[in-house]
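Undergrad:
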Amino acid sequence: MPRHAFVLALCALLAVATAPSFASANACEEWTAWEDSEVKSQAWEHIAHGNVELVLRSIAEEPCFAKMRARDGRGPLHWAHEFHERRLIDALLAAGADAEATDATGLTPARMPRAPPITYTAPEDAEDEIDYGDDDDDDDDDDDDDEAWSPPRHDEM
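Residue numbers (the numbering used here): 547 to 703.
1. Rank Asp618, Glu628, Ala612 and Arg632 by C-alpha distance to the C-alpha of Pro655 and give the top, closest one.
2. Where does Trp625 sit, in a helix, a strand or coil, going by DSSP?
3. Using DSSP with H/G/I as helix, E/B as strand and the rest coil, what is Trp577?
4. Determine the direct distance from the alpha carbon of Ala626 to that of Ala647, and round the result to whole angstroms.
5. Would DSSP call Ala594 helix, strand or coil?
6. With H, G and I counted as helix, E and B as strand and the rest as coil, what does DSSP make of Pro655?
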């Protein structure tokens, strides 16, 4: 076989062998683009609210999930570190998330500050909308305990 035919055959073989890697790199393009979307917002919400099982299923079902990036450059690995979800951190790394990926401010996932727990606070006038009748203290046990209950502070938990 002439030398130039051998070189052409080798080039063709290399092109065919590397084609899947080019295709798989482009397959996650929509996920890795630094832009917000409903799916990315939902992913953040599920991680922030500790819906670990749902996120683990998403990682298993969608190969690009671990590599997604929002407009600020953060992705599931940043959020898992932010909300200290060790199981998600491990699963995301195993699925190909980049531990050295920086966000728009230069933070890597491991450098994310830890977020406080997300809680819901009812509006002050919420009880005004509900008529409890004469027994307005929501305490049917006994009325001898006049101390009001309050949830524990974050640092006491």
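Glycine is no exception: its CB is placed at the ideal position from the N, C-alpha and C atoms.
All values derive from a computational prediction rather than experimental measurement.
TA: Checking against the coordinates, here is how it stands:
1. Relative to Pro655, the option among Asp618, Glu628, Ala612 and Arg632 whose CA is nearest is Glu628.
2. Under the three-state reduction of DSSP output, Trp625 falls in the helix class.
3. Three-state DSSP puts Trp577 in a helix.
4. Cα to Cα, Ala647 sits roughly 14 Å from Ala626.
5. The DSSP-derived three-state label of Ala594 is helix.
6. The answer is helix: DSSP assigns Pro655 an H, G or I state.
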